[in-house]
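Take a look at the structure set out below.
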Amino acid sequence: MADKLIIFDTTLRDGEQSPGASMTREEKLRIAKQLEKLRVDVIEAGFAAASNGDFESVKAIADTIRDSTVCSLSRANDRDISRAAEALTNARSKRIHTFIATSALHMEKKLRMTPDQVYEQARLAVRFARKFTDNVEFSPEDGSRSDVDFLCRVLEAVIDEGATTVNIADTVGYAVPELFGELIRTLRERIPNSDKAVWSVHCHNDLGMAVANSLAGVMAGARQVECTINGLGERAGNTALEEVVMAVRTRSDFFGLELGIDSTQIVPASRLVSGITGFPVQPNKAVVGANAFAHASGIHQDGVLKQRNTYEIMRAEDVGWAANKIVLGKLSGRNAFKQRLQDLGIALESEQEVNAAFQRFKDLADGKSEIYDEDIQALVSDQSVHAEQDDYLRLVSMGQSSEMGEQPKARVTLWIEGREETVETTGNGPVDATLKAIETMAKSDAEMTLYSVNAITGGTEAQGEVTVRLAKGGRVVNGVGADPDIIVASAKAYLAALNRLHSKAERLNPQNGTP
Ligand code: KIV
Ligand code: ZN
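Mapping the sequence shown onto our numbering, position 133 (from 1) lands on 339, and the numbers just tick up by one.
In structure tokens, the structure reads:
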């Protein structure tokens, strides 16, 4: 039997470290359920010690997920490891992932520790983590820029202490495939107990080589790849799960590896993550981009019609691209709606939430005759954004007027901290006027660094999905809103972002602190 390649998904931890990608507990749980459907082997659910909110999210995922191993990140210290262990108590299968930086630069400038201190800390952390589980992963952060002799010393010690996975991190995306593959090969050859652990790779995409580096690591003997849906992650992101999976599967002649993944769940996972985080997928993105299977040139179309594999190396349906399905309409009842939520893996927590979602569905179906799965997902994402907020700002009503040659006007009424307020303004266009009216009341002073509109499905009847990104005082937040009226969708997205900015939930970034 061929070797198995373990797929370790870190969308909920490293992916969430992307500026603006923070998610609520309910959103993370929805993504975790989709990752379980995708049959990823390990879900890194978060960094339990970062904040109470992160702890609760890891715990909720550990309490719910049954078919994937649930993992929490922790720095190499007893407090972080204990928090991780506590959050994972109810997991059917759990893993603690502990890490410390090993490059001279990080040790000296960031940790202010000597190599001997780092060596000792790494050893003790793995020893301590083993008290809670026999599934312990250790990562040398900035591994690809670390001294190879020192890496050998640290990794041999942590494997001796019982680390079952050792994960070489290309933290800053500096590696190139040939050298990274050589590094993995050298470490496996030089470390005497290297056969006692699974070798793993964790690559960032700063030079666009994360997938290539990961696959070079696999060719050198790594049997776990750490990755994220849509390549989400800090800065330029991480290795994209969908690309690694489809490369290994499509070129099984070359890689010869087994995968446990149900690839038909890839596109639904991509859509869900994009909808929740507000990070749109570029149309030409491999596997999950809207154009990934579209053939525009006549020659290609002709070829595909005659024989599909002339221009297609994968089948769209194998990665979950299905023709848009009309699922519900105006006459559909509450039970049909509830059933559809269940089929889509959306579990709303209370009957009250189902009722609210159903009401929104009815409102949508009044104006839009065909409701697709994507519409329902957007509708629920939109609701969850609001459900988790402390209702600092709520939209009561809005209207605009725009006529050629006239300056557009908007009138918005908000519920703001317990009272109603109305403002009328003008702007460049109706969206600009509406958002200006909101800002006049919110007085956020935040800078808008992104405004994007996407059609959720095809046709002019489609809902528009708007993403707004705001930055203020070093914090970046995204807001997503969906509505058939893109001005309303824009207002919803802007309010969602303002509410997020207002909720001060502070959390530790694992890569900033000392252990
Ligand atoms: O990029 C990195 O170094 C990490 C580690 C925590 C594995 O995310
Ligand atoms: Zn990382």
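All C-beta atoms, glycine included, are put in the ideal place defined by N, C-alpha and C. Since the model is a prediction, treat every value here as computed from it, not as a measurement.
Near residue i, what residues of its chain come up, given a Cβ to Cβ distance below 6 Å and the 5 sequence neighbours on each side ignored?
i       : result
Glu-630 : Arg-617
Ala-291 : Phe-338
His-312 : Asp-348
Val-591 : Reliability fails at Val-591, whose pLDDT of 49 lies under 50, so the model's placement of it is uncertain and no value is given.
Ile-519 : Thr-456
Can you check whether the CB of residue j is closer than 8 Å to the CB of residue i?
i       : j       : result
Lys-210 : Leu-447 : no
Glu-559 : Val-493 : no
Gln-583 : Glu-440 : no
Lys-678 : Asp-651 : yes
Leu-241 : Ala-475 : yes
Arg-336 : Glu-367 : yes
Val-378 : Ala-328 : no
Val-659 : Gly-484 : no
Ala-297 : Ala-268 : yes
Glu-343 : Ala-369 : yes
Glu-250 : Arg-219 : yes
Ile-212 : Val-451 : no
Leu-620 : Leu-601 : yes
Val-479 : Leu-511 : no
Note down, in chain order, each residue of its chain lying with its Cβ closer than 7 Å to the Cβ of residue i, except the 5 sequence neighbours on either side.
i       : result
Arg-455 : Leu-465, Ser-469
Gly-427 : Ile-390, Arg-391, Arg-394, Trp-405
Phe-386 : Ser-350, Asp-376, Asn-419, Ala-422, Gly-423
Asp-284 : Phe-334
Pro-225 : Val-682
Gly-573 : Pro-690
Leu-357 : Thr-308, Pro-346, Gly-349, Leu-393
Glu-580 : Arg-477, Ile-662, Thr-663
Arg-396 : Cys-358
Going by the C-beta, is residue i closer than 7 Å to any heavy atom of the ligand ZN?
i       : result
Ala-375 : yes
Asp-220 : yes
Asn-436 : no
His-410 : yes
Asn-634 : no
Can we count residue i as close to the ligand HEM, meaning its CB is less than 7 Å from some heavy atom?
i       : result
Glu-440 : In the structure on display, the ligand HEM does not appear, and the ligands it does have are the ligand KIV and the ligand ZN.
With distance defined between alpha-carbon atoms, name the residue in the options nearest to residue i.
i       : options                            : result
Asp-569 : Gly-685, Glu-580, Gln-240, Leu-585 : Leu-585
Met-654 : Val-510, Asn-497, Glu-645          : Glu-645
Gln-717 : Asn-444, Ser-278, Ile-306, Asn-399 : Ile-306
Arg-706 : Asn-715, Ala-648, Val-694, Thr-632 : Ala-648
Ala-381 : Leu-413, Glu-262, Val-372          : Leu-413
Glu-384 : Ala-403, His-408, Met-425          : Met-425
Glu-555 : Asn-684, Ile-435, Arg-236          : Arg-236
Asp-273 : Ala-266, Leu-294, Gln-513, Ser-299 : Ser-299
Ala-256 : Ala-282, Asp-286, Val-354          : Asp-286
Ala-498 : Gln-507, Gln-430, Ala-522, Gly-509 : Ala-522
Between which residues of its own chain and residue i is the CB-CB distance below 8 Å, once the five residues before and five after are set aside?
i       : result
Gly-635 : Ser-608, Pro-614
Ala-661 : Ala-668, Gln-669, Gly-670, Glu-671
Gly-495 : Val-487, Gln-488, Pro-489
Gln-471 : Gln-240, Lys-243, Leu-244, Arg-245, Gly-526
Ala-542 : Leu-534
In three-state DSSP terms, what is residue i?
i       : result
Thr-666 : coil
Lys-491 : coil
Ser-776 : This structure cannot speak to residue 776, because the chain is shown only from 207 to 721.
Asp-638 : helix
Ala-593 : With a pLDDT of only 49 at Ala-593, under the threshold of 50, the placement of this residue in the model should not be trusted; the figure read from the coordinates follows. Ala-593 falls in the helix class under three-state DSSP.
Ala-369 : coil
Asp-376 : strand
Ser-420 : helix
Ile-397 : coil
Met-654 : strand
Arg-359 : helix
Met-610 : coil
Arg-219 : coil
Ala-227 : coil
Gly-509 : helix
Gln-232 : Inspection of the sequence shows that residue 232 is occupied by Glu rather than by Gln. Glu-232: helix per DSSP, three-state reduction.
Gly-539 : coil
Phe-338 : coil
Val-694 : helix
Lys-402 : helix
The ligand KIV and residue i: does the residue's C-beta get closer than 7 Å to at least one heavy atom of that ligand?
i       : result
Glu-347 : yes
Leu-393 : no
Phe-214 : no
Leu-714 : no
Leu-389 : no
Leu-317 : no
Phe-344 : no
Leu-728 : An answer regarding residue 728 cannot be provided, because it is not within the stretch 207 to 721 covered by the chain.
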